[in-house]
Amino acid sequence: MYYGVESRKVASVYSKLKELVVDFQFRPGEHLHINELSTTLKVSVTPVREALIRLTDEGLITTQPNRGFFTKVPDLHEIDDLYGVLHMVLRSSLELWKDDFAPAHLSGPETDTPALDGPRRLCIRLERLHEQIARMSLNRELVRLTRQCNERTRYVRLVDCGSARAAEIQDQLGAFVDALVGGSAEGAFDGLDCLLQSQRARLTSIIREIVSDTAIDV
Numbered sequence: 093m094y095y096g097v098e099s100r101k102v103a104s105v106y107s108k109l110k111e112l113v114v115d116f117q118f119r120p121g122e123h124l125h126i127n128e129l130s131t132t133l134k135v136s137v138t139p140v141r142e143a144l145i146r147l148t149d150e151g152l153i154t155t156q157p158n159r160g161f162f163t164k165v166p167d168l169h170e171i172d173d174l175y176g177v178l179h180m181v182l183r184s185s186l187e188l189w190k191d192d193f194a195p196a197h198l199s200g201p202e203t204d205t206p207a208l209d210g211p212r213r214l215c216i217r218l219e220r221l222h223e224q225i226a227r228m229s230l231n232r233e234l235v236r237l238t239r240q241c242n243e244r245t246r247y248v249r250l251v252d253c254g255s256a257r258a259a260e261i262q263d264q265l266g267a268f269v270d271a272l273v274g275g276s277a278e279g280a281f282d283g284l285d286c287l288l289q290s291q292r293a294r295l296t297s298i299i300r301e302i303v304s305d306t307a308i309d310v
C-alpha cells in the first residue's frame, strides 16, 4: 500500500495511462513496455507497474504470462456483451424515471443542436447522455456501470462516430433527446432502443475495420 506522495504519484500515472488507453492512443494489441512508459511519463517503473495492474483489474488492458501488459484486441462478443449491459442499465434507469414521468432536464453538449465538429464530439455527446440517463435513476451503481461500459467501448464508438454513419447516429440521438426533454416515456424507450440496437448491429463491421486499419491478425 502506498501513502502520501507515492500514492498520489500512482494515482496520477494511472489517470494518464487510463486516458491514453480509453481514448485509443495505443494500437490494439500493443505491448505496453513499463520502462518506456516510465521514461515517457518521467516517473519510476513502480507507479507505472501499479497503474497497469489496476487497469488490468478494470478490464481495460490485459496481461500475457512472461510477456507483460498489452492493450486489448477488439473482441466482438465482449463488446456486444458490454453494449447489452449498457442497454439494460439505461432501460432500468428510464423505468425508474418513467414512474415520476417528468421531462428530463439535460445539460451540456449532449443537448447541443449546432453541427458537430468531429467524431470525438459526437462520441462525447453519446457518453454524457448515457451517464445523465443513469443518474436519473439516483442509483450510484448504475452510474458506475454506465461509466465503465462507456470507457471499455469508447474506441468502437469513436470509429462508428467517425464513419459515414455519423449523420444517422446524430439523427437518432436528436430524436432520443427530444423525447426525454419532452417527457415522452414511450418515445424515450423507442429512442434508446433504436440508438443502441443499431450500434450493436454494426459492431461486426466496426471491429473488422479496426482490425484491418491496425493490421492485427485475429
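Sequential numbering of the sequence shown, starting at 93, is according to my numbering. We treat Cβ as the ideally placed atom computed from N, Cα and C, and that holds for glycine.
Which residue comes first and which comes last in the alpha helix (DSSP H) that contains residue i?
i: F161; result: F161 -> not in any alpha helix (DSSP H); beta strand (DSSP E) instead, spanning G160 to T163.
i: D252; result: R232 to C253
i: Q291; result: A277 to A293
i: R141; result: V137 to D149
i: E260; result: A258 to V273
i: P120; result: Run containing P120: none; DSSP gives neither H nor E here.
i: S130; result: I126 to L133
i: P211; result: P211 to R227
Give a yes or no on whether the C-beta atoms belonging to residue i and residue j are separated by under 7 Å.
i: A226; j: L214; result: no
i: S229; j: S185; result: yes
i: P211; j: L250; result: yes
i: N242; j: E219; result: yes
i: L112; j: I299; result: no
i: Y106; j: R146; result: yes
i: A258; j: A271; result: no
i: R246; j: Y175; result: no
Looking at the unbroken beta strand (DSSP E) that takes in residue i, where does it start and where does it end?
i: Q156; result: I153 to Q156
Output the distance between the C-alpha atoms of residue i and residue j, rounded to the nearest integer angstrom.
i: P139; j: C253; result: 34 Å
i: T163; j: V114; result: 10 Å
i: L287; j: R294; result: 11 Å
i: A103; j: F116; result: 20 Å
i: S255; j: T296; result: 14 Å
i: N158; j: R217; result: 40 Å
i: P120; j: K108; result: 18 Å
i: F323; j: S276; result: The chain is shown from 93 up to 310; residue 323 falls before or after that span and cannot be answered.
i: R244; j: N127; result: 25 Å
i: W189; j: Q224; result: 12 Å
i: E301; j: V248; result: 10 Å
i: L124; j: A267; result: 41 Å
i: G151; j: P166; result: 12 Å
i: D149; j: R239; result: 16 Å
i: T155; j: E187; result: 39 Å
i: L284; j: S130; result: 42 Å
i: T205; j: V273; result: Here T205 scores only 41 on pLDDT, less than 50, and its place in the model is too uncertain to base an answer on.
i: A143; j: L221; result: 28 Å
i: V269; j: D172; result: 24 Å
i: E122; j: S99; result: 27 Å
i: K110; j: D282; result: 34 Å
i: E170; j: F161; result: 19 Å
i: V303; j: I153; result: 17 Å
Query raised in the report: Is there contact between the region 231-251 and the region 170-184, where contact requires at least three CB pairs shorter than 8 Å?
Result: yes
Query raised in the report: Can we say the region 126-143 touches the region 258-275, given the rule of at least three CB pairs closer than 8 Å?
Result: no
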